[in-house]
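So the structure is just underneath, and the comments pick up after that.
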Amino acid sequence: MSYYLIATNSFVTHKKPLSIYVHWPFCVSKCPYCDFNSHVRESIDHKTWLESYLKDLAYQKQFAPNHEIKSIFFGGGTPSLMPAHIIEGIIDQINKIWDVSKDVEISMEANPNSSEINKFLDFKLAGINRISLGIQSLKSDVLKFLGRAHSSQEALHAIESAQKVFKSYSLDFIYAHPKHTPQEWDEELIEILSINPPHLSLYQLTIEPQTPFQSYERLGKFKMPNEIVSEQFYDQTVTTMINSGYMHYEVSNFAKPGHACQHNMAYWQSKDYLGIGPGAHGRHTKNSRRIATRAHRSPEKWLSLVQQQGHALTHEETLTDQESLEEILLMGLRLTEGIDLKKLDQYASNGSWRNKTAHKRNNLAKEGLITHEKEKLKTTPQGLKKLNAIIEYLLID
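Spelled out as structure tokens, the structure:
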């Protein structure tokens, strides 16, 4: 079984870390706020999909042949709609190709629908050791507004099931939406914290382009909270979480000690990762340069290309130093731990990045938005709320 292979195939300890993202592009229905690469299909050829995932993994081995797997993440779409044998087949293939860390984190996103909850034990036996539940709200009227297919009772039942089956789990919630007041969110946070989850991802609702919610807002069907109220929501969230013993380790993520999401940390720390499946992105290092990959978004086209040529990558390009620098800033400053200044210097052309930006960093520090001591560049709690403006300011010549 997958979990046995993982436990015994990790004797190499000095290899470069690697994470793998696996994208399952299918959902039962499309939520009106979602702009992810997700699709609704009446039927799915599971045999062909498994074969294609295995081929994609085999092809992308060349990008990181001597690495050790630190995390695997099944995202989507709704990957908990996958049959457990597909998950097990993918994990087994990864074990055959790479050495896998004995403490590897293998996460899966899941919706709290009854049909998916019943598969939790099968997922664990297939190798999953961390589940991320898209709860979004514990209020039935909010779930209806968000277009979610589950009820508040199903959400609570899913959480209870996750607690019984998995040692680690995460809950996702959406707040600061048109049906919310800070007082209502405070009451919901109290209920959420009474569950004592080890990890929480708390996102403010964002109106994404070309989604039904964008059309609804333009038509005046609802009104989003203004900037002042949104900031009030955010401050309230961070204060409540920290006072409740959670580490605020990323803009929207909070964890008990030892439960930060290692896979997402790999993204934010600009480590190597492979993207498997339709529309999946990857980053790997070759000769000290960052290589960006991207697969075809269409599930049918991706499947066809993999069957024909063993992969469906549409983009494979070497990032310029400036592009790498921008990515490191964009991802790393989301973390409260900050970025190593030496890492930024590595991609600075024509001299040291820290020397070129010293006056700008001093200005930001005086405004209380960043700190830059002991070889680390960090955003302050106030700076996290102005992250995009900080990054833009640092990058402009």
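Per my numbering, residue 156 is the first one in the sequence shown, and the count goes up by one each step. Built from N, CA and C at the ideal position, the CB exists for glycine as well. All values derive from a computational prediction rather than experimental measurement.
- The distance from the Cβ of Leu348 to that of Ser399 is about 5 Å, consistent with a contact at the 8 Å cut-off.
- Across the structure, Ile286 and Asn192 are spaced so that their CA atoms are roughly 20 Å apart.
- Asp211 sits buried, since 16 or more C-beta atoms from the chains shown fall within 10 Å of its C-beta.
- Residues of the same chain with a CB within less than 6 Å of the CB of Pro234, apart from the 5 flanking positions on each side, are Trp179, Met263 and Glu264 in chain order.
- Contact between Leu357 and Gln215 fails: their C-beta atoms lie close to 33 Å from each other, not under 8 Å.
- Nearest to His222 by alpha-carbon distance, out of Met237, Gly244, Phe181 and Ile175, is Ile175.
- Of the residues Asn419, Lys498 and Arg445, the one whose Cα lies closest to the Cα of Thr475 is Arg445.
- Nearest to Ser443 by alpha-carbon distance, out of Thr512, Phe377, Met396 and Ser425, is Ser425.
- For Leu429, DSSP records a beta bridge to Ile175.
- The alpha carbon of Cys186 has as its nearest neighbour, out of Gln217, His439 and Gln291, the alpha carbon of Gln291.
- Look at His335 here: in three-state DSSP terms it is coil, with no helix or strand label.
- Contact annotation: the segment 519-527 does not touch the segment 449-459, with fewer than three C-beta pairs closer than 8 Å.
- The residues Ser157, Ala239, Ile242, Glu243 and Ile246, in chain order, have a CB closer than 7 Å to that of Ala281 in the same chain once the five nearest residues on each side in sequence are set aside.
- Judged by their CB atoms, Leu542 and Leu460 are not nearer to each other than the 8 Å cut-off.
- Our two residues, Ser479 and Phe275, have alpha carbons roughly 39 Å apart in a direct line.
- Under the three-state reduction of DSSP output, Phe275 falls in the helix class.
- Put simply, the backbone Cα of Gly230 is about 11 Å away from that of Met237.
- For the set Leu485, Leu519, Arg509 and Gln462, the Cα lying nearest the Cα of Leu205 is the one of Gln462.
- With respect to the 8 Å criterion, Lys540 and Tyr389 are classified as neighbours on the basis of their beta carbons.
- For the pair Pro353 and Tyr324, the CB atoms are nearer than the 8 Å cut-off.
- The distance from the Cβ of Ala447 to that of Arg438 is about 6 Å, consistent with a contact at the 8 Å cut-off.
- Its Cα nearest to that of Asp495, the residue Glu530 stands out among Glu530, Asn517 and Gln464.
- With fewer than 16 neighbouring CB atoms inside 10 Å of its own CB, Ala513 falls in the exposed class.
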